[in-house]
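One structure is given below, encoded as structure tokens.
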Amino acid sequence: MSDTILEKNKGCDCAKNGKNSCTMSRRQFLLASGATTFTVMVTMNAGTPQAKEVPAMVATYPRKFIAKLSELKQDEPVDFNYPDEDSFSESLLVKLGQESGGGVGPIKDVVAFNYTCTHQGGPLQETYKAETKSLGPCPLHLSTYDLTRHGILISGQAYQSLPQILLEVDGDDVYAVGVFGLIYGRYDNLKG
Amino acid sequence: MATPYYVPESNVPLPPKGADVISTACDYCIVACGYKVYRWPVNAQNGGPSAEENAFDADFPVEALGPWVAPNQHNIVLHNGQPHHVVIIPDKDTKHVNIDGDSSLRGGCIAQKCYNPQTPTRDRLKTPLMRIYGTLMPVPWDLALDVAAEVGNHVIKKHGTNAYGVKTFSYQYIENTYAISKYALRHVNTANFTFHDTPSDVSSTPGFRDAGFDNFAPAYEDWRDAETLLICGTDPYETKTILFTQWIMRGIENGQKAIFMVPRRTAGVAYAEKNGGLYLDVTPGTDLLVVNAIARLIVENGWEDSEWIKKWVNNKWESSSGFGQGTRNTPWQWRTTWGKFQTKGFEDWKEWLLAQDEFKLKNASEVSGVDAKKIKLAAEWMGKPRKTGARPKTSIMIEKGFYWSNNTGNTQAISALGIICGCGGRPGQVIGRAGGHQRGGVKGGKYPRNKSPEKLPGRRRRAMDTDRYLISGHTRFAHVIGTTWIQSMCGTQQLADKFEELTVSNPHQIRSFDKDEIVKTLNARADSGGMVVINQDIYLQDPIANRYADIVFPAATWGEEDFIRANGERRLRLYQKFYDAPGAAKPDWWIIAQLAKRMGFDGFDWKNSNEVAEEASRFTRGSRKDFFMVKVAAHREGKTLHQKMREFGTDGIQGPVIMTDSGELKGTKRLHDTQRSLPAEGAAGANVFNKKLTHFNSQTGKCNIQKSPWSLFSDYWEWMKPKDDELWCTSGRINERWQSGFDDRRRPYIVQRWPENWVEIHPDDAKKRGIESGDYVMVYSERVAGQKNTIVGVEGDDFQFSSLLKNGHIELTEAAITAVAMVTPAVKKNVMYMDFLHMQQPANALEGRVVDWISGNYNYKMGVGKIKKLGASPYKHQFRTMSFAPRDIA
């Protein structure tokens, strides 16, 4: 399988197929980190006359409006649910005041993460710490996460970083458009 | 090593109904949490999200604490040659250890340990290797074993048994340690033998040994049930996670007063402090002063547990004569009868304690850098009776930061403090080690101490310092099993220089494909004063195998063979095989057996690991891991020992195991259990009731209360104390990595978190040197002390550091390692702290290679160094790798 990274929106037919937005592969998120929309294309039937490029829909995330950039106050998290309203969808958007991994906005300091500890599902709501730009410690087993660095584990027991919500900015509007990493409790971010 | 990049998954396969479920325990820290392996063929359908569709009987999304599967908990392995999915998660049904299915990050991701050629585990050793024309080339087992055996026999015959050195893990499962020690001690019978964490085969905690305390007497529930808990030299949250999260944290939630004595504040310390605990921020090496200051405050106030002392402390007659310590030619016998430590009992000890000015609160506080008020508070919490007259239930936990700083002194001092606080042998009132690795050692032979050249003053022999012996050029054949040796030992860089000189720099190198020529060449190497190195391991470790070994044997490990091991509360479990070892890799017991047979030794005809375990069981009788009666029960039921152990699942059974009259197996919750009643008629059948079940490990079964003179160590401490621009340089574990990182270096997420070694430095110290978090720094020393001569001790203080220095037995060398700076007030001012075992940037390079002169252990945590900025590391401004946020956020 060969991934072809196309320029912004080129070859994208998401409007046609009724989807809210293009999605990104994980690899692209790594490469593009904080950039706006790309579409991963996969060549099907490569080397045959039937070869054609189609979007590689690893998962189809909704595009959801979260907040207005101009209304965000530094270190004051905005809570929202994503990618759905189901269990473990609670997430936060926060303007950290310093450039951060995956950040959007003029100084790339606006980031969003899922609120559920990726160790054993402890709730991280109300644990944001402005001085360290961190979430945690988790009330269950004390894991802490660095929000400036893609939600990497600072100290603790989690099996992976906190799932980062991929953001997109359109004018003053901030949209959630994807999730980077499996959300606790689920076997598939979009299937529960 | 290239950085394997971490790309998180956003889905994971679930085990279907009918997947094989195999119980095991974690391979890593002392706690050994129970795990379940779910295995199903890749061509079978995966499980679904509803309870009817998966092996967990759970609906997805699962609840908090439920059987969630993180992508790092899935892997694909070969089982009977066929690819299978495995999902490995903590056992959600277990009643012990990791109750409620808790896990650390290390064990939580243990599925990533399994060999899978599509992951960074692809470089597992799969065939034996031999260095031919300077390159390690694959060779068949027969050739590798034949050459090793022939050269080994030649070395023993021509240069003596002590020329055959064995440096081995002490813990990688009882089947392997039994086979290795049977080979090395009973058959080769070499005194050039020691374990991965010490230059000499000696007790890790001499003070405990002398007092009569087993290192692992307590049950995990005791750490929870203590009302005051003093934890010295470790933060269990960082290093033995579940012991903290499931036991100590529960205690703190119930009002336990936790006191941490460490030079560095991490998450567990921060949690304790937030919940009313105490942090004694001790300067490296000064623990003894704080401990004795606490003891002094306790006896000055009459807070000691007099009833306990009356009943359980030896008087002069009991400790010295009559029921004395025997022939006095073993290390613990002489220590307990040597005037420096021995007392006539509690009153004599008290008199000595009160006569030592250095233990006065003011002095102890000044030298240790711990606030006097906090020391006083600690004494009150540990000893002061309540208004009702009831004593606090006090327990003491120690670990390496403590006992590897002033090995003999600290462990003597803490034992005495434990005794006067009544720690020992009662629920919630215990003293013991927290533990590092798991307990998988069974000795199949006796260490031949009389063959050791180490002779201390008097007629006392101590086990050989194998590093010094090697550096002196006496080791002609180094058989290295599952340890890095070089980076694990102090003065790493000097040791590496010697390995280089004795191996690859020797002119006798294999340049032939003829077996006899190969043997001749290696024999000539040994005869010329050089050294032949053979190494058994699961990965090609650098430099021991990669640069120095002539022959490398590929070992099979966790999950690739059925093995038995115990945890920190002596809980024995079967760690089951659930997938095929890579290539031709074989378990260590098998490798040893093949070698032993070729060398002409008998008793190595085992067909499988169960046969080794059954033979080993006899040698556990009376020990803390005694599982002999499990074998008796198994055979009675027509089962093998491994089959019987398998039935215990993740619950296991706590050693020593005894059999009741009705034939039922009964484990031992805690050792020294003074409230336990054993059958009045004594041990029946094959049972052994060792004294340690209900009493302490001394001749009388009571404790020896001993002195702990600061002067035996203070000359070394004063010499080492930072001068000019130096800082203390100490080291220890970090939660996310295990040992040398042999598995973690192959886990992309962990590599992203900790790509290199790092050094914590206080903001004041950093500012002076212009260092910021994320900077590359050089940590270096111009005076790493190395003890170079093996001398015969005559005068009492011949081995005291100042005498060695004066008499020219210490050489000073330089050392330097790079690291990434982490500036944080969590580390004490004037102290640097690093990960203890990074292969490329080993902290031990800076630690003095001078053994504790009483015990023979290294004081690994004692070092000094300077630090200077080199420039920014790539991690300083990139967001994907490392984090410089503090680890003590509460």
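The listed protein sequences correspond, in order, to chains A and B. Read left to right, the first sequence gives residues 1 to 192 (the numbering used here). Read left to right, the second sequence gives residues 193 to 1082 (the numbering used here). The beta-carbon is built from N, C-alpha and C at its ideal position, and this holds for glycine as well.
Quick one: what's got a C-beta closer than 8 Å to residue i's C-beta in the same chain, skipping five residues either side?
i, result
"Lys552 of chain B", "Ala485 and Arg488"
"Ile1002 of chain B", "Ala977, Gly978, Gln979, Lys980, Phe993, Leu996 and Val1042"
"Gly855 of chain B", "Ala825 and Arg828"
"Pro1078 of chain B", "Thr1016, Pro1017 and Ala1018"
"Thr982 of chain B", "Pro645, Glu646, Asp657, Arg660, Tyr661 and Ser664"
"Asp956 of chain B", "Lys1021"
"Thr713 of chain B", "His700, Gln701, Ile702, Arg703 and Ser704"
Among the options, which has the Cα closest to the Cα of residue i?
i, options, result
"Val976 of chain B", "B:Phe840, B:Cys682 and B:Ala788", "B:Cys682"
"Lys707 of chain B", "B:Arg231, B:Lys318 and B:Trp333", "B:Trp333"
"Phe811 of chain B", "B:Tyr227, B:Lys374 and B:Arg660", "B:Lys374"
"Gln835 of chain B", "B:Glu806, B:Tyr463 and B:Gly847", "B:Glu806"
"Ile1004 of chain B", "B:Gln685, B:Asp406 and B:Gly844", "Note that residue 1004 of chain B is Leu in the sequence shown, not Ile. Comparing Cα-Cα distances from Leu1004 of chain B to each of B:Gln685, B:Asp406 and B:Gly844, the minimum goes to B:Gln685."
"Phe180 of chain A", "A:Gly171, A:Ile152 and A:Thr127", "A:Ile152"
"Leu93 of chain A", "A:Gly136, A:Asp75 and A:Ala158", "A:Asp75"
"Lys799 of chain B", "B:Phe793, B:Trp781 and B:Ser815", "B:Trp781"
"Ile440 of chain B", "A:Asn189, A:Val111 and A:His141", "A:His141"
"Tyr325 of chain B", "B:Leu317, B:Pro699, B:Lys508 and B:Gly792", "B:Pro699"
"Val822 of chain B", "B:Pro779, B:Arg765, B:Leu870 and B:Pro312", "B:Arg765"
"Met723 of chain B", "B:Thr667, B:Tyr731 and B:Gly760", "B:Thr667"
"Thr433 of chain B", "B:Lys894, B:Leu421, B:Asp417 and B:Tyr412", "B:Tyr412"
"Ser801 of chain B", "B:Arg816, B:Lys789 and B:Lys778", "B:Lys778"
"Ser161 of chain A", "B:Leu335, B:Val199 and B:Thr313", "B:Val199"
"Thr60 of chain A", "A:Ala130, A:Leu167 and A:Pro83", "A:Pro83"
In this structure, does DSSP put residue i in helix, strand or coil?
i, result
"Phe745 of chain B", "strand"
"Pro233 of chain B", "strand"
"Thr1147 of chain B", "Since the displayed chain B opens at 193 and closes at 1082, residue 1147 of chain B lies outside it and no answer follows."
"Met1026 of chain B", "strand"
"Arg27 of chain A", "The predicted position of Arg27 of chain A is uncertain, since its pLDDT is 40 and thus under 50; a value taken from the coordinates is nonetheless stated next. Three-state DSSP puts Arg27 of chain A in a helix."
"Trp909 of chain B", "helix"
"Asn114 of chain A", "strand"
"Gly170 of chain A", "For the record, residue 170 of chain A in the displayed sequence is Asp; it is not Gly. DSSP places Asp170 of chain A in strand when its eight states are reduced to three."
"Gly250 of chain A", "Outside the displayed range of chain A (1 to 192) lies residue 250 of chain A, so it cannot be described from this structure."
"Trp977 of chain B", "With the sequence shown as reference, residue 977 of chain B is identified as Ala, and Trp is not the correct amino acid for it. The answer is strand: DSSP assigns Ala977 of chain B an E or B state."
"Ser33 of chain A", "With a pLDDT of only 40 at Ser33 of chain A, under the threshold of 50, the placement of this residue in the model should not be trusted, and no figure is reported."
"Pro940 of chain B", "helix"
"Lys823 of chain B", "helix"
"Gln685 of chain B", "helix"
"Gln621 of chain B", "strand"
"Phe361 of chain B", "coil"
For residue i, which residues in the same chain have their Cβ closer than 6 Å to its Cβ, ignoring the five residues on either side in sequence?
i, result
"Val483 of chain B", "Ala605, Ile606 and Leu609"
"Ile423 of chain B", "Phe452 and Met589"
"Glu342 of chain B", "Val711"
"Lys576 of chain B", "Trp495"
"Gly859 of chain B", "Ile845, Gln846 and Val849"
In its own chain, which residues sit with a C-beta less than 7 Å from the C-beta of residue i, not counting the 5 before and 5 after it?
i, result
"Arg583 of chain B", "Asp497, Pro577 and Gly614"
### Members of the region 927 to 952 of chain B that neighbour chain A once the beta carbon cut-off is set at 8 Å
Those would be Asn927, Glu928, Tyr941, Gln944 and Arg945, in chain order.
### Message
By the 7 Å beta-carbon criterion, what residues does the region 96 to 107 of chain A contribute toward chain B?
### Response
Result list: Ser100 and Gly101.
### Message
Does the region 298 to 309 of chain B come into contact with the region 238 to 255 of chain B, if we say contact requires no fewer than three beta-carbon pairs (one atom in each stretch) closer than 8 Å?
### Response
When Cβ pairs closer than 8 Å are counted between the two stretches, the region 298 to 309 of chain B is seen not to touch the region 238 to 255 of chain B, the count staying below three.
### Query
Looking at chain A, which residues of the region 201 to 218 of chain B have a Cβ within less than 9 Å of any of its Cβ atoms?
Taking 9 Å as the Cβ-Cβ cut-off against chain A, the residues of the region 201 to 218 of chain B that qualify are Glu201, Ser202, Asn203, Val204, Pro205 and Leu206.
### Query
Got a sec: which bits of the region 123 to 149 of chain A sit with their beta carbon under 8 Å from any beta carbon on chain B, in order along the chain?
Hits within the stretch, in order: Pro123, Lys129, Thr132, Lys133, Ser134, Gly136, Pro137, Leu140, His141, Leu142, Thr144, Asp146, Thr148 and Arg149.
### Query
Taking three-plus beta-carbon pairs below 8 Å as touching, is the region 245 to 252 of chain B in contact with the region 755 to 775 of chain B?
They do not touch, by the three-pair rule.
### Query
If we count Cβ pairs, one from each stretch, closer than 8 Å, do we get three or more for the region 453 to 460 of chain B versus the region 527 to 543 of chain B?
Output reads no: the region 527 to 543 of chain B does not touch the region 453 to 460 of chain B.
### Validate contact between the region 1052 to 1065 of chain B and the region 114 to 125 of chain A using beta carbons, cut 8 Å, 3 pairs
Touching, no, given that fewer than three Cβ pairs across the two stretches are closer than 8 Å.
### Query
According to a CB-to-CB cut-off of less than 8 Å, which residues of the region 291 to 305 of chain B neighbour chain A?
Taking 8 Å as the Cβ-Cβ cut-off against chain A, the residues of the region 291 to 305 of chain B that qualify are Gly293, Asp294, Ser295, Ser296, Leu297, Gly300 and Cys301.
### Message
Under 7 Å, CB to CB, which of the residues in the region 158 to 170 of chain A have a partner in chain B?
### Response
So the list reads Ala158, Tyr159, Gln160 and Ser161, given in the order they occur along the chain.
### contact_flag[the region 1038 to 1053 of chain B, the region 955 to 966 of chain B] where n(CB pairs < 8 Å) is 3 or more
Output reads no: the region 955 to 966 of chain B does not touch the region 1038 to 1053 of chain B.
### Message
Please list, in chain order, the residues of the region 533 to 548 of chain B that have any C-beta partner in chain A closer than 9 Å.
### Response
Against chain A - using a Cβ distance shorter than 9 Å - the region 533 to 548 of chain B contributes no residues.
### Task
Taking only beta carbons into account, state which residues of the region 1005 to 1017 of chain B come closer than 9 Å to chain A, listed in chain order.
Correct list: empty, as no residue qualifies.
### Residues, ordered as in the chain, of the region 72 to 98 of chain A that lie near chain B by beta-carbon distance below 8 Å
If the cut-off is 8 Å between Cβ atoms, the region 72 to 98 of chain A has Asp86, Ser87 and Phe88 near chain B.
### Query
Would the region 896 to 903 of chain B and the region 535 to 544 of chain B be scored as touching if the rule is three or more Cβ pairs under 8 Å?
Contact annotation: the region 896 to 903 of chain B touches the region 535 to 544 of chain B, with at least three C-beta pairs closer than 8 Å.
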